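Asks: Have a look at this one before I ask anything.
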Amino acid sequence: MTAPLPAPHPRGPLRIGNSSGFYGDRFGAVREMLTGGPLDVLTGDYLAELTMLILGRDRLADPRRGYARTYLAQLEESLGLAVERGVKLVTNAGGLDPAGLAREIRALARRLGVGVRVAHVEGDDLLGTRDWGDGVLTANAYLGGAGITACLRAGADVVVTGRVTDAALVTGPAAAHFGWLADDLDPLAGAVVAGHVLECGTQATGGNYSFFRELPDTRGPDGRPLLPGFPLAEIHADGSAVVTKHPGTGGAVTTGTVTAQLLYETAGARYPGPDVTARLDTVRLTDAGPDRVRIDGVRGEAAPATLKAGLTRVGGWRNEVVFVLTGLDIDAKARMVREQLGAALARRRPAEVRWTLARTDHADAPVQEEASALLRLVVRDPDPEAVGRALSGAAVELALAGYPGFHVTAPPGKGAPYGVFEAAYVDAYSVRQVAVLPDGTRLRVPPGPVADPGEPEPDAEPPLPPPLPPGPTRRAPLGLVAGARSGDKGGSANIGLWARGDDAWRWLAHELTADRVRELLPETARFPVRRHVLPNLRALNFTVDGLLGEGVASGARFDPQAKALGEWLRSRHLEIPEALL
């Protein structure tokens, strides 16, 4: 059965807000968004690669614990308010059990005496559909927004999904509101871009922003600083949008904050998804007034013929110890503890042993912490015994026999399991997406038009702006002329950088090549680094394949999600034209 197409909804702009960027985000955001100003739809994004692993382990312990329980607690105080104000709620908090969360929301509504129509979307769970190999806890396809559209067209007030793309929480309501069809590629692409800006919540309104010191110092009546407000988008029938926030909230919406979020966890000109492939090289951003940024010009292409599926599994066991080295002879102290512990572990050496020394120490320091460096040991092994007592005992036994001033940041424990994320790709037509409507009807939602199978031809690098004329330079941090936002996709890291003006862009586009990034960030030198040029945004996007090992849950790196990789790059010094400084 295929959903009938109703007459298009009114063509006025659709106001879609966001109240969560991850499982654990600000608890009061749902109420803040419902009370802060007018909205038509309020979304909540609770899922990430790590979250799926957490929910998978929860489900092993209790089959009823496959969804983000925080959302249910938030609705305890806000469901009636949403219904009273006519705001539709759309969330992926259903995780591994969207039907279970939908059932609990109905029970909550009955208990609160609130009349609410709840629907959900399923079909993303692929765990039992094929042999994914040993140890796989979760296997979920990234669905698009069509199931959400079907639920809203059937009159749902609340729509719960499992694993959908972050942007689907926006494309689904927008298509339902405007009557878009699956081949309305340009409007859908515009909604994808707006959805990508909203999906990380306050990252679009000044959170994690390189130039945070330039944001307004907004304070509440008690004089305390206000956290950035959550964003909303006014989406129009052609797919264009204005990103803004409720008045009186903290942070700011500027072309800079929106650019930063657009570059987050993306790569090149094509941003593929199950609804449409959005062309990021066509995005135009313009200042539309205080805390208002217009997004338009976005073009769309057919979605890929395959859907991405995220697989999580327990990869083994890990443990870590951080030794504090203080004062003189830091390198010799580090060498001593490595040799002593290596000898103690020789009988059952863990499969992976990784040492890193952070030289946080300063000479002649007036504060003890400032005189100390941190030597971090991370071990991983399939056998919990190899990283448990064998390591913690050996480390503790060095307490009176090691380097002078021996101590650790915390007593070593018995180790813990770590997770691994993998991406797989499945035929889009092999995934059976179903919208379960408020009356219980199960509606099959077929995929929209897809591109021909196979990889699209790579785009040629767009023409670069003319380089700046020669002139005097000064050695200074890159961050004086460029902002950055970085993050993770599985085992790969992404670093987006944008210039703050045309002259800075002329310099950045020629100076910051992939090889230059490898020089500035030596840790990336042994990994493939790819550069993508986005002239409309005066931006470069770099992907570093393999830097994060097997993903965030494996804890392979000091900064396992590469959240600060861009800020490290901004801190590196290079010769910058004085005209830009």
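Mapping to the working numbering: the sequence shown position 41 is 1284, numbers consecutive.
Glycine residues also receive a C-beta, built at the ideal position from the N, C-alpha and C atoms.
All figures in this text were calculated on a predicted structure; none of them were measured in a lab.
1) Is it buried or exposed, Leu1643, if we count other Cβ atoms within 10 angstroms and call 16 or more buried?
2) Let me confirm a value: Thr1404 is counted as buried when at least 16 other C-beta atoms fall within 10 Å, else exposed. Which label applies?
3) Do Val1621 and Glu1563 have their CB atoms nearer than 9 Å?
4) So, for Leu1285: in the same chain, excluding its five sequence neighbours on each side, which residues have a beta-carbon less than 6 Å away from its beta-carbon?
5) Hey, quick one: how far does the beta strand (DSSP E) through Ala1521 stretch, first residue to last?
6) If you draw a straight line from the C-alpha of Pro1803 to the C-alpha of Ala1736, how long is it?
7) Please list, in chain order, all residues of the same chain as Pro1708 whose beta carbon is under 8 Å from its beta carbon, the five residues on each side excluded.
8) Would you say Leu1458 faces chain D, with C-beta separation under 9 Å as the test?
9) Does the Cβ of Ala1432 have 16 or more other Cβ atoms within 10 Å, making it buried, or fewer, making it exposed?
10) Return the bridge partner residues of Arg1513 from the DSSP annotation.
11) State the start and end residues of the unbroken beta strand (DSSP E) segment that holds Val1485.
12) Roughly how far, in whole angstroms, is the beta-carbon of Asn1335 from the beta-carbon of Arg1406, given that I think they are within contact range, below 8 Å?
13) Let me confirm a value: Ser1673 is counted as buried when at least 16 other C-beta atoms fall within 10 Å, else exposed. Which label applies?
14) Secondary structure at Phe1566, three-state DSSP: helix, strand or coil?
15) Name the DSSP bridge partner or partners of Thr1334?
16) Just to confirm, is the Cβ distance from Leu1475 to Gly1493 under 9 Å?
17) Given this structure, state the Cα-to-Cα distance separating Thr1549 from Gly1516, to the nearest angstrom.
18) With burial defined as no fewer than 16 other Cβ atoms inside 10 Å of the residue's Cβ, what is the status of Gly1267: buried or exposed?
19) Pop quiz: Thr1408 and Tyr1385 are said to be a contact at Cβ under 8 Å. What is the actual Cβ separation, rounded to whole angstroms?
20) Tell me where the beta strand (DSSP E) around Tyr1668 begins and ends.
21) For the region 1521-1598, list the alpha helix (DSSP H) runs that are entirely contained and at least 4 residues long, ordered along the chain.
22) What residues are listed by DSSP as bridge partners for Pro1720?
23) Scan the region 1673-1735 and note each continuous beta strand (DSSP E) run of 3 residues or more that stays entirely inside, going in chain order.
24) Just mark Tyr1668 as buried or exposed, buried being the case when its beta carbon has 16 or more other beta carbons within 10 Å.
25) Whole angstroms are fine: how far does the CA of Asp1682 sit from the CA of Leu1513?
26) Identify which residue in Leu1634, Gly1570, Ala1587 and Arg1623 has its Cα closest to the Cα of Pro1234.
27) Would you be able to state if there are at least three C-beta pairs under 8 Å between the region 1595-1609 and the region 1643-1656?
28) What residue does the alpha helix (DSSP H) around Glu1775 start on, and which one ends it?
29) Less than 9 Å separating the beta-carbons of Arg1815 and Leu1763?
30) By alpha-carbon positions, which one of Asp1702, Leu1296 and Arg1274 ends up nearest to Asp1314?
31) Within this structure, are the beta carbons of Pro1533 and Leu1711 separated by less than 9 Å?
32) For Val1772 versus Ala1757, is the C-beta spacing smaller than 9 Å?
33) Near Gly1648, which residues of its chain fall below 7 Å by C-beta distance, leaving aside the five closest residues on each side in sequence?
34) Which stretch, first to last residue, makes up the alpha helix (DSSP H) that contains Thr1502?
35) Hey, would you say Thr1500 sits closer than 9 Å to Val1536, going by beta carbons?
36) Just to confirm my understanding: we take Gly1631, look at its own chain, exclude 5 residues before and 5 after, and list those with CB closer than 6 Å. What are they?
Replies: According to the data block:
1) What you label residue 1643 is simply residue 400 of the sequence shown in a count that begins at 1. Its Cβ having fewer than 16 others within 10 Å, Leu1643 is exposed.
2) By 1-based counting over the sequence shown, the position of residue 1404 is 161. When all chains shown are included, Thr1404 counts as buried.
3) Here residue 1621 refers to the residue found at position 378 when the sequence shown is read from its first residue. Here residue 1563 refers to the residue found at position 320 when the sequence shown is read from its first residue. A contact, by the Cβ cut-off of 9 Å.
4) As a working mapping, residue 1285 is identified with position 42 in the sequence shown. Excluding positions up to five away in sequence, the list reads Gly1260, Ser1262, Met1276, Val1330 and Leu1332.
5) On the sequence shown, residue 1521 is found 278 positions in, with the first residue counted as 1. Counting along the chain, the beta strand (DSSP E) containing Ala1521 begins and ends at Thr1520 to Arg1522.
6) Stepping through the sequence shown from its first residue, residue 1803 is reached at position 560. Stepping through the sequence shown from its first residue, residue 1736 is reached at position 493. Cα to Cα, Pro1803 sits roughly 9 Å from Ala1736.
7) Stepping through the sequence shown from its first residue, residue 1708 is reached at position 465. Cβ neighbours of Pro1708 beyond the five flanking positions: Asp1745, Trp1748, Arg1749, Ala1752 and Pro1778.
8) Among the chains in the structure shown there is no chain D, since it carries only a single protein chain.
9) One-based indexing of the sequence shown puts residue 1432 at position 189. Answer is buried; the Cβ neighbour count reaches 16.
10) Here residue 1513 refers to the residue found at position 270 when the sequence shown is read from its first residue. In the DSSP output, where bridge partners are listed per residue, Arg1513 has Arg1522.
11) Stepping through the sequence shown from its first residue, residue 1485 is reached at position 242. Ala1484 to Lys1488 is the span of the beta strand (DSSP E), which, as asked, contains Val1485.
12) Counting from one through the sequence shown, the residue named residue 1335 turns up at place 92. Counting from one through the sequence shown, the residue named residue 1406 turns up at place 163. The Cβ separation is near 7 Å, so the contact holds.
13) Against the sequence shown, residue 1673 aligns to sequence position 430. Label assigned to Ser1673: exposed.
14) Here residue 1566 is taken as the residue at index 323 of the sequence shown, counted from 1. DSSP places Phe1566 in strand when its eight states are reduced to three.
15) As a first step, residue 1334 is located in the sequence shown; it is residue number 91 there, counting from the start. DSSP, once it has assigned bridges, lists Gly1287 and Val1403 as partnering Thr1334.
16) The residue you call residue 1475 lines up with position 232 of the sequence shown. The residue you call residue 1493 lines up with position 250 of the sequence shown. Not closer than 9 Å, so no.
17) To locate residue 1549, count along the sequence shown from 1; it is residue 306. To locate residue 1516, count along the sequence shown from 1; it is residue 273. Those two C-alpha atoms are separated by around 9 Å.
18) As a first step, residue 1267 is located in the sequence shown; it is residue number 24 there, counting from the start. Counting Cβ neighbours within 10 Å, Gly1267 comes out exposed, since fewer than 16 surround it.
19) Within the sequence shown, numbered from 1, the residue matching residue 1408 stands at position 165. Within the sequence shown, numbered from 1, the residue matching residue 1385 stands at position 142. Confirmed, Cβ separation roughly 5 Å.
20) Residue 1668 sits at position 425 when you count from the first residue of the sequence shown. Unbroken beta strand (DSSP E) run through Tyr1668: Ala1659 to Asp1670.
21) 1573-1587
22) Within the sequence shown, numbered from 1, the residue matching residue 1720 stands at position 477. Pro1720 pairs with His1816.
23) 1677-1679, 1685-1687, 1716-1720 and 1725-1732
24) Within the sequence shown, residue 1668 is the residue found at index 425, counting from 1. By the 10 Å Cβ count, Tyr1668 comes out exposed.
25) Position 270 of the sequence shown, counted from the first residue, corresponds to residue 1513. Position 439 of the sequence shown, counted from the first residue, corresponds to residue 1682. Reading off the sequence, residue 1513 comes out as Arg, not Leu. Cα-Cα distance, rounded: 39 Å.
26) This structure leaves residue 1234 out entirely; the chain is present only between 1244 and 1824.
27) no
28) Taking the first residue of the sequence shown as position 1, residue 1775 is located at position 532. The identity of residue 1775 in the sequence shown is His, whereas the question assumes Glu. Careful: His1775 lies outside any alpha helix (DSSP H), inside the beta strand (DSSP E) at Val1772 to Leu1777.
29) Stepping through the sequence shown from its first residue, residue 1815 is reached at position 572. Stepping through the sequence shown from its first residue, residue 1763 is reached at position 520. Yes, the pair counts as a contact, with Cβ atoms nearer than the cut-off.
30) Indexing the sequence shown from 1 puts residue 1314 at position 71. Per the sequence shown, residue 1314 should be read as Tyr rather than Asp. For the residues Asp1702, Leu1296 and Arg1274, the minimum Cα distance to Tyr1314 belongs to Arg1274.
31) As a working note, residue 1533 is residue 290 in the sequence shown. As a working note, residue 1711 is residue 468 in the sequence shown. Contact flag unset, no.
32) The residue given as residue 1772 occupies position 529 in the sequence shown. The residue given as residue 1757 occupies position 514 in the sequence shown. Closer than 9 Å, so yes.
33) Indexing the sequence shown from 1 puts residue 1648 at position 405. So the qualifying residues of the chain are Thr1569 and Gly1570.
34) One-based indexing of the sequence shown puts residue 1502 at position 259. Element bounds for Thr1502: Thr1498 to Leu1505.
35) Translated into the one-based positions of the sequence shown, residue 1500 becomes position 257. Translated into the one-based positions of the sequence shown, residue 1536 becomes position 293. Yes.
36) By 1-based counting over the sequence shown, the position of residue 1631 is 388. Cβ within range, chain order: Lys1657 and Gly1658.
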